[in-house]
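Enquirer: Got a structure here, written out as structure tokens. Questions coming.
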Amino acid sequence: MAAEPKPASAARPDLGYAWYTVSVLTVCYTLSFIDRQIFGLLVGSIKAEFGVSDTQIGLLSGLAFSLFYTLVSLPLGRLVDRYSRRIIIGAGVFFWSLMTAACAIAPGYGGLFLARMGVGIGEATLAPAAVSMISDSFPNDRLGSAMSLYGIGIYLGSGLALLLGGAVIAAVSQIPAITLPVFGEIASWRATFMIVGLPGLFIAFWALSLREPARKNTLKAMDGQTAQLTIQETLVEVGKRWQAVAGIALGLMFQAVALYSYMLWSPATLQRTFDWSPQVTGLVMGIVVLIGGTAGMLAGGRFSDRGLRGGRRDAALRVAALSSLGGFAVFALLGLALQNDWATVSVFFLGVILLAMPAGSCYAAAQMVFPNQVRGQVMALILFIANLGGLTMGPLLPGLLNDYVFRDEGALGVSLGITLAASTLAAALVFGWARPAYRRHHEALNP
Numbered sequence: 199m200a201a202e203p204k205p206a207s208a209a210r211p212d213l214g215y216a217w218y219t220v221s222v223l224t225v226c227y228t229l230s231f232i233d234r235q236i237f238g239l240l241v242g243s244i245k246a247e248f249g250v251s252d253t254q255i256g257l258l259s260g261l262a263f264s265l266f267y268t269l270v271s272l273p274l275g276r277l278v279d280r281y282s283r284r285i286i287i288g289a290g291v292f293f294w295s296l297m298t299a300a301c302a303i304a305p306g307y308g309g310l311f312l313a314r315m316g317v318g319i320g321e322a323t324l325a326p327a328a329v330s331m332i333s334d335s336f337p338n339d340r341l342g343s344a345m346s347l348y349g350i351g352i353y354l355g356s357g358l359a360l361l362l363g364g365a366v367i368a369a370v371s372q373i374p375a376i377t378l379p380v381f382g383e384i385a386s387w388r389a390t391f392m393i394v395g396l397p398g399l400f401i402a403f404w405a406l407s408l409r410e411p412a413r414k415n416t417l418k419a420m421d422g423q424t425a426q427l428t429i430q431e432t433l434v435e436v437g438k439r440w441q442a443v444a445g446i447a448l449g450l451m452f453q454a455v456a457l458y459s460y461m462l463w464s465p466a467t468l469q470r471t472f473d474w475s476p477q478v479t480g481l482v483m484g485i486v487v488l489i490g491g492t493a494g495m496l497a498g499g500r501f502s503d504r505g506l507r508g509g510r511r512d513a514a515l516r517v518a519a520l521s522s523l524g525g526f527a528v529f530a531l532l533g534l535a536l537q538n539d540w541a542t543v544s545v546f547f548l549g550v551i552l553l554a555m556p557a558g559s560c561y562a563a564a565q566m567v568f569p570n571q572v573r574g575q576v577m578a579l580i581l582f583i584a585n586l587g588g589l590t591m592g593p594l595l596p597g598l599l600n601d602y603v604f605r606d607e608g609a610l611g612v613s614l615g616i617t618l619a620a621s622t623l624a625a626a627l628v629f630g631w632a633r634p635a636y637r638r639h640h641e642a643l644n645p
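199 is the number of the first residue of the sequence shown in our numbering; add one for each residue after it.
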């Protein structure tokens, strides 16, 4: 049984090694988004081979991945709080890379659905373990920047998926057909999955080489030893901070709806509306996501840390609310911008900067108001809620609007704009609602 919460500090690794650790974890996170987002460039080829609708593509990109990603995240969070985080990460990277390569040999829609589920299971290991390791490696006033460096993996991975994915597709289409034993000749989109998946098998061993940081801010039992909390005691800790947890989780969920609809459907919007090729789309959107997303993520962490040093305990949620409100203002203009291709690209660029700002600061915010023994589980719970909504509804909503409301493939940009504007506005409102409660909990644990 744990004593009354009274966090005790543990020794932290030196900052040099801490930045090395977060850099390796950023590479892993980048890889996860390359493997996750390469799908967006292959939508046309997959539709052509399997004869499926936009709604089915949304299910394949969203539900197939997110079903097990979300289901296994909660038990994985408990493992993260008790066992070696580097081993959990290394095993996860190896498995999801193998499953990405397995997409190349899927015999049909069902097989590809199962392979995408496997990718989701593997990738579910990363965020709770990585965020826990990073929070034990940095002081609070640098945690926002550290989490934002980790968080740029979303945009590095997505941008590189678009940039390199387009190049890989072009290269594979120019070489003789690839023939595999048993499976025979495989299409270029299948070869692309194999090419981007296999390097991760080596990165998994790099992650395993990291040192495990000492856990800090642990609750102590009555005998002075580190307490191991039961599930019931963990729920009590969460219940004490329910409004802050709900605000962060639901705000990130609405952000995830926007992010995943953006990542899947913005390339398709340019291709359908302006007849751009996959190669040109990949180049332009790769640059947009890589530069804009990275800038937004780093800026969000920097503003959050600066606000915290200036005495604003709710700085992270303040940044999240204001940037989400800005995202709403930008994406509300997408319908008008669709008259011109570069105007549309400009909206996508400004929008992704603002979309990127909340995540890193919110990851850090959640770690600052909980004792160490529950951080992995709390992060898993937040990601469970965020991804359950974001990964399922984000890819699906524009497809549903297009198939059943507008009934016009050419209206995809309007469907996407509605989804993006509505979800960012909802995120801004939820982040703002959670600020007062979060501020109280931060003051209590960080006097």
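Note that CB positions come from ideal geometry on N, CA and C, so glycine has one too.
(1) Hey, quick one: how far does the alpha helix (DSSP H) through ARG507 stretch, first residue to last?
(2) Within this structure, are the beta carbons of PRO556 and SER521 separated by less than 8 Å?
(3) For the structure I just gave you, are there three or more beta carbon pairs, one from the stretch 586-603 and one from the stretch 299-306, closer than 8 Å?
(4) DSSP on ILE384, reduced to helix/strand/coil?
(5) Who are the near neighbours of SER251 in its chain, counting only those whose CB is closer than 7 Å to its CB and skipping five residues on each side?
(6) Suppose you measure from the CA of GLU641 to the CA of ARG510; what does that come to, to the nearest Å?
(7) Please report how far the alpha carbon of ILE285 lies from the alpha carbon of LEU240, in whole angstroms.
(8) By the 10 Å Cβ neighbour count, where 16 or more other Cβ atoms means buried, how is TYR353 classified, buried or exposed?
(9) Decide yes or no for the touch test of the stretch 584-598 against the stretch 442-461: beta carbon pairs closer than 8 Å, at least 3 of them.
(10) When the Cα of TRP463 is compared with those of GLY524, GLY395, LEU515, GLY597, which residue comes out closest?
(11) Express the C-alpha separation of ASP233 and VAL220 in angstroms, rounding to a whole number.
(12) Is the Cβ-Cβ distance between LEU341 and ALA578 less than 8 Å?
(13) At the level of alpha carbons, what is the spacing between GLY308 and GLY256?
(14) What's the gap between the Cα of ASP421 and the Cα of LEU261?
(15) Here's the rule I'm using: 16 or more other beta-carbon atoms within 10 Å means buried, otherwise exposed. How should ASP279 be labelled?
(16) Counting beta carbon pairs with one atom in the stretch 536-555 and one in the stretch 468-484, are three or more of them shorter than 8 Å?
(17) Can you give me the C-alpha to C-alpha distance between PHE547 and ILE429, rounded to a whole angstrom?
(18) Pop quiz: ARG153 and PHE263 are said to be a contact at Cβ under 8 Å. What is the actual Cβ separation, rounded to whole angstroms?
(19) Are the stretch 332-348 and the stretch 494-501 touching, with three or more C-beta to C-beta distances below 8 Å?
(20) Helix, strand or coil for LEU552 per DSSP?
(21) With distances taken Cα to Cα, identify the nearest neighbour of ILE551 among GLN565, PHE529, MET566.
(22) Spell out a yes or no on whether the stretch 430-449 and the stretch 621-638 are touching, meaning 3 or more CB-CB pairs, one atom from each, closer than 8 Å.
Expert: The structure says:
(1) Here residue 507 refers to the residue found at position 309 of the sequence shown. It spans 492-507 - the alpha helix (DSSP H) in which ARG507 sits, taken as one unbroken run.
(2) Walking along the sequence shown from the start, residue 556 turns up at place 358. Walking along the sequence shown from the start, residue 521 turns up at place 323. Contact flag set, yes.
(3) no
(4) For the purposes of this step, residue 384 is taken as residue 186 along the sequence shown, with counting starting at 1. ILE384 falls in the strand class under three-state DSSP.
(5) In the sequence shown, counting from the first residue as 1, residue 251 sits at position 53. For SER251, where only same-chain residues beyond five positions count, the Cβ hits under 7 Å are ASP601.
(6) As a first step, residue 641 must be located in the sequence shown, where it is residue number 443. As a first step, residue 510 must be located in the sequence shown, where it is residue number 312. For GLU641 and ARG510, the distance between alpha carbons rounds to 10 Å.
(7) Here residue 285 refers to the residue found at position 87 of the sequence shown. Here residue 240 refers to the residue found at position 42 of the sequence shown. So the alpha carbons of these two residues sit roughly 32 Å apart.
(8) Sequence index remark: in the sequence shown, residue 353 carries index 155 (1-based). The residue is buried, with at least 16 neighbouring Cβ atoms inside 10 Å.
(9) yes
(10) Along the sequence shown, read from residue 1 onward, the residue named residue 463 stands at position 265. When each option's Cα is compared against that of TRP463, the closest is GLY597.
(11) Position 22 of the sequence shown, counted from the first residue, corresponds to residue 220. Position 35 of the sequence shown, counted from the first residue, corresponds to residue 233. Each residue's Cα considered, the two are about 20 Å apart.
(12) Here residue 341 corresponds to residue number 143 of the sequence shown, with the count starting at 1. Here residue 578 corresponds to residue number 380 of the sequence shown, with the count starting at 1. No, Cβ-Cβ distance for LEU341 and ALA578 is not below 8 Å.
(13) For this step, residue 308 is matched to residue 110 along the sequence shown. For this step, residue 256 is matched to residue 58 along the sequence shown. Rounded to the nearest angstrom, the two C-alpha atoms are 14 Å apart.
(14) For this step, residue 421 is matched to residue 223 along the sequence shown. For this step, residue 261 is matched to residue 63 along the sequence shown. Low local confidence applies: a pLDDT of 42 at ASP421 is under 50, so the model's placement there is unreliable, with the coordinate-based value given in what follows. Roughly 47 Å separates the two Cα atoms.
(15) Against the sequence shown, residue 279 aligns to sequence position 81. That one is buried.
(16) yes
(17) Locating residue 547 in the sequence shown gives position 349, counting from the first residue. Locating residue 429 in the sequence shown gives position 231, counting from the first residue. About 43 Å.
(18) This structure leaves residue 153 out entirely; the chain is present only between 199 and 645.
(19) yes
(20) As a working mapping, residue 552 is identified with position 354 in the sequence shown. In the structure shown, LEU552 sits in a helix (DSSP, three-state: H, G or I).
(21) Translated into the one-based positions of the sequence shown, residue 551 becomes position 353. Minimum Cα distance to ILE551 is reached at PHE529.
(22) yes
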